[in-house]
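There are 2 protein chains.
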Amino acid sequence: MEFFFDFVSPYAYLASTRIDALAAEHGREVDWKPTLIGVTILKVMGMKPLMDTPLKSSYIAHDKPRMARLMGVPLVQRDMRGVNSVAALRAFLWLKQGDPQAARRFAREVFERLWVRGLDITQVEDVREACIATGVDADAVAAAIDTEAGKQLLRSAVDEAVAREVFGVPYVVIDGEPIWGVDRLWMVEHWLRHGSWEPVAR
Amino acid sequence: MEFFFDFVSPYAYLASTRIDALAAEHGREVDWKPTLIGVTILKVMGMKPLMDTPLKSSYIAHDKPRMARLMGVPLVQRDMRGVNSVAALRAFLWLKQGDPQAARRFAREVFERLWVRGLDITQVEDVREACIATGVDADAVAAAIDTEAGKQLLRSAVDEAVAREVFGVPYVVIDGEPIWGVDRLWMVEHWLRHGSWEPVAR
């Protein structure tokens, strides 16, 4: 199954804390696939950012902490102005080419850095620190993400996500079934368990 | 608890098939509150209709039937062009003033008319047929919804929904907790059962 994410999404972070274990319980592997969801929402869909959407922003502000509480994981409130995930996602993709497991550890570190410790992830220095915490070669990553090939990896990933109609994150595709939102992890679990949408006796 | 709905939303229809029973299992009553969600989305939020939103429309087209299947209820695919809920919602509000139970029966009939039988609900004649099927006075309703007072009832209801930041339907408010979406009925159930967002041991 595929797990589309962007580090800047708190809901993608929340889903990231559960998705691998959920899949493993049913003998499945997860392919983590990044996208730049802000670019998709603003440029492809022509919509406003979530927090600038009238009526919806206060709901989201209320919902984020309660969803974290329900899932039993930490989540800080933080100002996202100036934060972007371009460098960190390039690093993830470059790492994934050579060592998918290291890339996964790096992704967890970046999510935690931003959403648990409230640190930035935007600058190359942030990415280097995340590499060091993950035990991967920070110099090699910092060099790679500044190359044309490194940039192209992320462009291709975003293109794929848009072509696949990933309009929000987290976004799971399992056996061709698209499932959007951390609030639908119950549907991912239902599919993993039953392999169909037949209702289950309550 | 409050249940904000609009007849034109298939997801509100799906939630309407479950919400009263869910509440009753926990000794709660549901106050059904209509809004014109299209007006809210287009005029207040400045957004496009769901089915005109790039990337999202095919997801929704796939999601509606699977959600109905999961919930074990019928749902027809239908062309919504030209369908609006103004007359039917005015009728609901007028009926609610005098007999909330009759209004509830009328609402179920309108939802079924549109989403199970695939009939229209837009014209006064549609509303009259729904009244007759519900056993309420069709002539009185048809007259009432054409009065200034009848129109004002719906304007006030929409104003309240917008003031309460109801940005989509179905939208449940329970003990001050706003919960949007049929895909979050599990959260309504969680709150009814536990009265908090503390995680439950799995």
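Listed in order, the protein sequences are those of chains A and B.
If you count the first sequence from 1, you need to add 195 to reach my numbering.
If you count the second sequence from 1, you need to add 195 to reach my numbering.
The C-beta atom is built at its ideal place from N, Cα and C for all residues, glycine as well.
I'd like the list of long-range same chain contacts for R223/B, defined as Cβ closer than 7 Å, with 5 residues on each side in sequence excluded. Closer than 7 Å at the Cβ level, and outside the excluded window around R223/B, lie M196, L387.
Hey, does R308/B have any beta-carbon neighbour from chain A nearer than 7 Å? Answer no: the Cβ-Cβ gap between R308/B and chain A never drops below 7 Å.
Which partner residues of I369/A appear in the DSSP bridge assignment? Under DSSP, I369/A shares a beta bridge with E372/A.
What are the start and end residues of the beta strand (DSSP E) that includes W227/B? For W227/B, the enclosing beta strand (DSSP E) begins and ends at 226-229.
Could you tell me the distance, in whole angstroms, from the CA atom of S211/B to the CA atom of P365/B? Whole-angstrom Cα-Cα distance: 8 Å.
With C-beta atoms as the reference, is V201/B less than 7 Å away from I232/B? For clarity, residue 201/B is Asp in the given sequence; the question names Val instead. With respect to the 7 Å criterion, D201/B and I232/B are classified as neighbours on the basis of their beta carbons.
Closer than 7 Å, CB to CB, is K291/B near chain A or not? Not an interface residue.
Counting only the same chain and skipping the five closest in sequence on each side, list residues whose C-beta sits under 6 Å from that of I369/A. Cβ within range, chain order: M196, W386.
Cβ-Cβ separation, F362/A to M246/A (assumed contact under 8 Å), whole Å: Actually they are not in contact, since the Cβ atoms of M246/A and F362/A sit about 17 Å apart, beyond 8 Å.
If we count Cβ pairs, one from each stretch, closer than 8 Å, do we get three or more for the segment 263-275 of chain A versus the segment 286-301 of chain A? No, the segment 263-275 of chain A is not in contact with the segment 286-301 of chain A.
So, at 6 Å on beta carbons, what are the nonlocal neighbours of G371/A in its own chain, with the 5 sequence-adjacent residues on each side left out? If the five residues before and after G371/A are omitted, its C-beta is found closer than 6 Å to no C-beta atom of its own chain.
Check this for me: beta carbons of V377/B and T235/B, under 7 Å apart or not? Against a cut-off of 7 Å, the Cβ pair of T235/B and V377/B comes out as no contact.
Contact check, G330/A vs P394/B, beta carbons under 7 Å: Going by C-beta atoms, G330/A is not nearer than 7 Å to P394/B.
Can you find at least 3 beta carbon pairs, one from the segment 333-346 of chain B and one from the segment 285-292 of chain B, that sit closer than 8 Å? These segments touch.
Expected contact under 8 Å - CB spacing of V225/A and D215/A to nearest Å: Contact holds; Cβ gap of about 5 Å.
With a threshold of 16 other CB atoms inside 10 Å of the CB of K291/B, please say whether the residue is buried or exposed. With 16 or more Cβ atoms within 10 Å of its Cβ, K291/B is classed as buried.
Minimum C-alpha distance to R213/A - residue among W392/A, L380/A, G390/A, S391/A: Comparing C-alpha distances from R213/A to each of W392/A, L380/A, G390/A, S391/A shows the shortest one belongs to L380/A.
F202/A in three-state terms, based on DSSP: Coil at F202/A, not helix or strand.
Chain-order list of residues whose beta-carbon lies under 7 Å from that of W227/A (same chain, five-residue window excluded): Excluding sequence neighbours, W227/A sits near F198, F200, R299, A302.
So, does the CB of W392/B fall closer than 7 Å to a CB anywhere in chain A? Chain A places a beta carbon closer than 7 Å to that of W392/B, counting this residue as a contact.
What first and last residue would you give for the alpha helix (DSSP H) that runs through E343/A? Looking at the DSSP string, the run of the alpha helix (DSSP H) that includes E343/A is 343-358.
Leaving out the 5 sequence neighbours to the left and right, which residues in its chain are closer than 6 Å to W375/A when beta-carbon positions are compared? So the list reads G363, Y366, once near-sequence residues are dropped.
Between the Cα of L250/B and the Cα atoms of H389/A, V319/A, R359/A, L250/A, which residue gives the shortest distance? Here the closest residue by C-alpha is R359/A.
Near-chain B residues of the segment 201-235 of chain A - C-beta to any C-beta below 9 Å: Those residues of the segment 201-235 of chain A that come within reach of chain B (Cβ to Cβ, closer than 9 Å) are T235.
Is it right to say T342/A is buried, meaning 16 or more other beta carbons lie within 10 angstroms of its own, or is it exposed? Result: exposed.
Short of 7 Å Cβ to Cβ, which residues in the segment 261-282 of chain A face chain B? So the list reads R261, R264, L265, M266, G267, given in the order they occur along the chain.
Would you please verify whether the beta carbon of P373/A is less than 7 Å from any beta carbon of chain B? Cβ-Cβ to chain B under 7 Å: yes for P373/A.
At 9 Å on the CB atoms, spell out the chain B contacts of K346/A, in chain order. Within chain B, no residue comes near K346/A; the closest Cβ sits about 23 Å away, beyond 9 Å.
According to DSSP, is E220/A helix, strand or coil? In this structure, E220/A counts as helix in the three-state DSSP scheme.
For the segment 378-391 of chain A, which residues have a beta carbon sitting closer than 9 Å to at least one beta carbon of chain B? Cβ contacts with chain B come from D378, R379, W381, M382, H385, S391.
Give the C-beta separation of P229/B and A352/B to the nearest angstrom, bearing in mind that I take them to be a contact with Cβ-Cβ under 8 Å. The C-beta distance from P229/B to A352/B rounds to 5 Å, short enough to meet the 8 Å contact threshold.
For Q347/A, which of R308/A, V281/A, V271/A, L265/A has the nearest alpha-carbon? With distances taken between Cα atoms, Q347/A lies closest to V281/A.
Mind listing, in chain order, the continuous beta strand (DSSP E) runs of no fewer than 3 residues lying wholly within the segment 233-276 of chain A? Listed in chain order, nothing qualifies, since the segment 233-276 of chain A has no complete beta strand (DSSP E) run of 3 or more residues.
Which residues bound the alpha helix (DSSP H) around V336/A? Where V336/A is concerned, the enclosing alpha helix (DSSP H) stretches over 333-339.
Three-state class that DSSP yields for E197/B in the structure shown: In this structure, E197/B counts as strand in the three-state DSSP scheme.
Taking the straight line between their C-alpha atoms, what separation do you get for H221/B and R312/B? Taken atom to atom, the span from the alpha-carbon of H221/B to that of R312/B is near 31 Å.
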